[in-house]
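Numbering (my numbering), first residue to last: 116 to 500. Cβ atoms here follow ideal geometry from the backbone N, Cα and C, with glycine treated the same way. Model, not experiment: these values are computed from the prediction. The structure appears below as structure tokens.
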């Protein structure tokens with residue numbers, strides 16, 4: 116078996132390193148010192164650099180100006196973005212664009228994808244539902260006028276990332292007859308109202324209210340399984356962000372404990388410190404292994420490759436990756452705070468910002484407990500060969 120990345124995947128990772136190396140993790144005011152959001156918009160300069168490096172169209176087909184790569188390449192890029200807490204909707208916009216490419220009509224693809232790949236059209240997704248606990252698709256109801264007519268959307272989605280900066284929001288909705296669809300809603304469409312919300316990391320989110328929002332049927336993706344596939348991709352990408360963040364935090368901790376002395380010796384030379392750091396290194400390697408397994412399953416299942424006999428659905432690998440990502444990143448930042456002592460809470464030092472982002476990523480798209488329950492349901496229902 117060959118576990119190495121392809122030349123194209125490695126090139127994407129190198130391009131991401133070059134782009135995100137200029138992004139300081141403390142480039143905006145501290146969330147601990149800011150009463151509202153740390154910023155009103157995404158980092159447009161960084162977004163432009165990502166577009167110039169062709170990072171926004173990695174997964175799009177070449178006929179839309181993309182590179183035609185797979186979710187593994189996206190996760191390699193997101194890992195680099197997570198290291199510096201890059202304030203760009205790279206995951207959300209890429210995932211939404213790929214969903215449009217997979218499940219949308221040619222007219223919609225031609226209108227959306229080239230501009231999204233160039234960074235001129237910013238997309239996002241509403242993945243959390245009304246409360247963050249119930250299924251996201253249940254928060255909005257969709258009904259169709261007549262046979263093949265316009266769709267009408269009613270409901271509320273909460274904690275939508277980058278909604279104030281995005282041009283269009285991909286919203287999951289249900290028809291009331293057991294069907295789930297995805298609607299690509301312009302942010303300024305009649306009937307759409309945004310109310311500001313603030314994330315744990317200090318970023319600006321939005322509650323989106325849809326009041327009799329009418330959309331042409333071409334803007335609605337009705338293929339069965341589209342939302343489940345998109346949710347899996349978003350979850351996998353969240354794991355990649357958590358991995359990059361955790362690796363940056365462990366490196367920060369290693370540097371600090373190597374320089375900070377106690378009783379005349381560097382903290383890193385104390386056995387108790389070394390053991391804790393080693394445990395967190397093991398967490399990161401487990402996060403990495405489960406991430407690439409999940410990304411590989413997404414890539415191969417999406418390409419139509421048959422699963423191994425008795426293998427769980429790809430959702431099982433996604434659940435395992437998110438369990439490790441949620442628990443692992445929490446342990447990494449908690450250990451970092453412990454080994455930094457009071458210095459870790461200093462607002463002119465980036466660790467406190469990493470901690471806030473880690474908590475956001477831990478809970479985003481479900482904490483470990485939710486994915487453990489989902490994994491248990493899969494194991495109970497699936498006959499293993």
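Which of helix, strand or coil does DSSP assign to residue i?
{"i": "residue 270", "result": "strand"}
{"i": "residue 497", "result": "coil"}
{"i": "residue 465", "result": "coil"}
{"i": "residue 171", "result": "coil"}
{"i": "residue 130", "result": "helix"}
{"i": "residue 120", "result": "coil"}
{"i": "residue 258", "result": "strand"}
{"i": "residue 221", "result": "helix"}
{"i": "residue 235", "result": "coil"}
Within 10 Å of its beta-carbon, does residue i have 16 or more other beta-carbons around it, so buried, or fewer, so exposed?
{"i": "residue 276", "result": "buried"}
{"i": "residue 135", "result": "buried"}
{"i": "residue 221", "result": "exposed"}
{"i": "residue 137", "result": "exposed"}
{"i": "residue 433", "result": "buried"}
{"i": "residue 481", "result": "buried"}
{"i": "residue 160", "result": "exposed"}
{"i": "residue 125", "result": "exposed"}
{"i": "residue 463", "result": "exposed"}
{"i": "residue 370", "result": "exposed"}
{"i": "residue 234", "result": "buried"}
In the DSSP assignment, the alpha helix (DSSP H) including residue i goes from what residue to what residue?
{"i": "residue 435", "result": "429 to 455"}
{"i": "residue 327", "result": "That residue, residue 327, is in no alpha helix (DSSP H); its beta strand (DSSP E) goes 319 to 330."}
{"i": "residue 160", "result": "159 to 167"}
{"i": "residue 307", "result": "Premise fails: residue 307 lies in the beta strand (DSSP E), 307 to 313, not in any alpha helix (DSSP H)."}
{"i": "residue 192", "result": "186 to 198"}
{"i": "residue 153", "result": "Premise fails: residue 153 is in no alpha helix (DSSP H) and is neither H nor E."}
Relative to the alpha-carbon of residue i, which residue among the options has its alpha-carbon at the smallest distance?
{"i": "residue 178", "options": "309, 287, 225, 414", "result": "225"}
{"i": "residue 388", "options": "168, 372, 402", "result": "372"}
{"i": "residue 305", "options": "170, 323, 297", "result": "323"}
{"i": "residue 302", "options": "280, 244, 496", "result": "280"}
{"i": "residue 299", "options": "332, 274, 327", "result": "332"}
{"i": "residue 288", "options": "278, 267, 451", "result": "267"}
{"i": "residue 122", "options": "150, 241, 172, 187", "result": "187"}
{"i": "residue 243", "options": "174, 343, 410", "result": "343"}
{"i": "residue 451", "options": "469, 442, 438, 209", "result": "469"}
{"i": "residue 335", "options": "158, 148, 462, 211", "result": "211"}
{"i": "residue 190", "options": "360, 380, 286", "result": "360"}
{"i": "residue 354", "options": "377, 341, 404", "result": "404"}
{"i": "residue 252", "options": "158, 330, 340", "result": "340"}
Near residue i, which residues of its chain fall below 6 angstroms by C-beta distance, leaving aside the five closest residues on each side in sequence?
{"i": "residue 471", "result": "146, 315, 316"}
{"i": "residue 270", "result": "254, 255, 256, 325"}
{"i": "residue 412", "result": "429, 432"}
From what residue to what residue does the beta strand (DSSP E) around residue i run?
{"i": "residue 301", "result": "295 to 301"}
{"i": "residue 286", "result": "283 to 289"}
{"i": "residue 238", "result": "238 to 240"}
Answer yes or no: the CB of residue i versus the heavy atoms of the ligand MG, is any distance below 7 angstroms?
{"i": "residue 321", "result": "Absent from the structure shown: the ligand MG. Ligands present: none."}
Return the chain-ordered list of same chain residues with a C-beta closer than 8 angstroms to the C-beta of residue i, the five sequence neighbours on each side being excluded.
{"i": "residue 132", "result": "195"}
{"i": "residue 170", "result": "127, 130, 131, 134, 192, 205"}
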